[in-house]
Amino acid sequence: MTRVAIIGAGPAGLVAARTLVDAGADVCVFDKGRRPGGRLNTREHGAYQFDHGAQFFTVRDERISPMLEDWVSLKVVALWEGRLVRLMGDTAEVARPTKRYVGTPSMVSLAGELSGDLEIRRSTRIAGVERNKKGWQLHDERGGDYGAFDQVVIAIPAPQAVPLLSEVPLIQRAVEAVDMAPCFAGMFVFAEPPPMDFDGAFVGDGPFTWIARDASKPGRPDVEAWVVHANSEWTRRHWSGDRTDVTKRFLEELTMRFGPFPNTLFERAHRWGYALAGGSAPGVLWDAKLGIGAVGDWCLGGRVEGALVSGIQIADKIVASG
Ligand SMILES: Cc1cc2nc3c(=O)[nH]c(=O)nc-3n(C[C@H](O)[C@H](O)[C@H](O)COP(=O)(O)OP(=O)(O)OC[C@H]3O[C@@H](n4cnc5c(N)ncnc54)[C@H](O)[C@@H]3O)c2cc1C
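Per the working numbering, the sequence shown starts with residue 28, numbered consecutively.
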């Protein structure tokens, strides 16, 4: 039985692992986080929860559609029918109608479903990937060794994948060329409804790119919990700032745009170092001879669906190689 290591338990790594297990492979997934999900995740603070990373996902690929049907029937995913707008200056237009899906009761539910009974080593940050005559060996940052594996899939944001690809310089160079932008996420609970008459807004100007009322998504607690995403330029400018100051800045910017805000019951900022992939997408990178490759949203356009498709594609390549 082929033994495969997957580094990264975001949607790309999880769906690759699931596909390989279904094909009979022996798979071990490694993730530096305490729970699977990656940027498809949920932040919990007492009774409050926030989708602070991915907000929703769309499905166009025919390989993902049957999975989506299963997730919906299992009630881990549902359609979000919120009132979405596109803001630019003083104008607000209704956003392009499309089917937008979310995890229920929170975004991380989908990762929970994909994780199922997979073997996942949590809180394990892989710091080295090397090949010897037994196969692939992994090392974590605390000196733990894992292996040998026949194949390795690196399913993490491109800049974090680069140091793990030193055995395959051609792939490493392709991954090095991928740019990923940071994003500050602001999470707020207001004592009363704030002066924003939408459930989600794509923002075309100013420091924000996105504002959403979490409670408008299916299955969420009925509180005025909101998530705000800053653009990469604003994020870089405030990156090393104190996070309490950053939430204050968020509120100042919101007040300038929408008018006075009610008191907050909760406020917090989260830094996503490698939030969104931009530029050209290299596609799934796989060295069939050595049995190592790299996938993730950045391979195929930088969204949840791209991550899922990339995971399926690399698993198919491994299965095809016998
Ligand atoms: C603020 C924000 C908003 C977004 N909005 C949307 C949206 O609305 N719609 C949409 O479709 N997408 C959105 N995205 C993008 C979406 O979250 C990603 O496309 C998707 O999560 C990528 O999945 P992935 O598996 O490629 O990587 P990730 O989700 O990043 O998963 C990678 C995993 O690898 C782990 N890891 C990293 N390095 C190591 C290491 N050395 N060792 C072990 N584990 C490691 C991480 O802990 C993580 O769990 C958003 C992302 C952010 C941050």
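Ideal Cβ positions, reconstructed from N, Cα and C, are used throughout, including at glycine. Predicted, not measured: the structure shown is a model, and the values here were computed from it.
Item to check | CA nearest to the CA of L101, picked from D314, H72, V112, L137 | outcome: Of the residues D314, H72, V112, L137, the one whose Cα lies closest to the Cα of L101 is L137.
Item to check | DSSP state of W163 mapped onto helix, strand, coil | outcome: strand
Checklist entry - Say the cut is 7 angstroms; is the CB of V331 nearer than that to a heavy atom of ligand 1? => result Yes, Cβ of V331 sits closer than 7 angstroms to a heavy atom of ligand 1.
Checklist entry - Measuring from the CB of K244, is there a heavy atom of ligand 1 at a distance below 7 angstroms? => result no
Next on the checklist: Can you list, in chain order, the residues of its chain with a C-beta nearer than 6 angstroms to that of R158? Leave out the 5 residues immediately preceding and following it.
Outcome noted: E194
Checklist entry - Cβ of I34 within 8 angstroms of Cβ of I183? => result yes
Checklist entry - Under 7 angstroms from any heavy atom of ligand 1, does the C-beta of D58 make it? => result Set against 7 angstroms, the gap from the CB of D58 to the closest heavy atom of ligand 1 is smaller.
Item to check | Candidates R87, Q199, K59, of which the one nearest R148 by Cα | outcome: Minimum Cα distance to R148 is reached at K59.
Next on the checklist: At the level of alpha carbons, what is the spacing between V231 and L145?
Outcome noted: Note that residue 231 is Gly in the sequence shown here, rather than Val. In a straight line, the C-alpha of G231 is about 41 angstroms away from that of L145.
Checklist entry - Start and end of the alpha helix (DSSP H) containing R113? => result Here R113 belongs to no alpha helix (DSSP H); instead the beta strand (DSSP E) covers 111-115.
Item to check | the stretch 36-54 contacting the stretch 290-310, beta-carbon criterion three pairs below 8 angstroms | outcome: Taking a cut-off of 8 angstroms for Cβ pairs, the stretch 36-54 and the stretch 290-310 do not touch, as fewer than three such pairs fall below it.
Checklist entry - By how many angstroms is the C-alpha of K161 removed from the C-alpha of H265? => result 47 angstroms
Next on the checklist: Taking the alpha-carbon of A304 as reference, which of Q187, D97, T274, E251 has the nearest alpha-carbon?
Outcome noted: Q187
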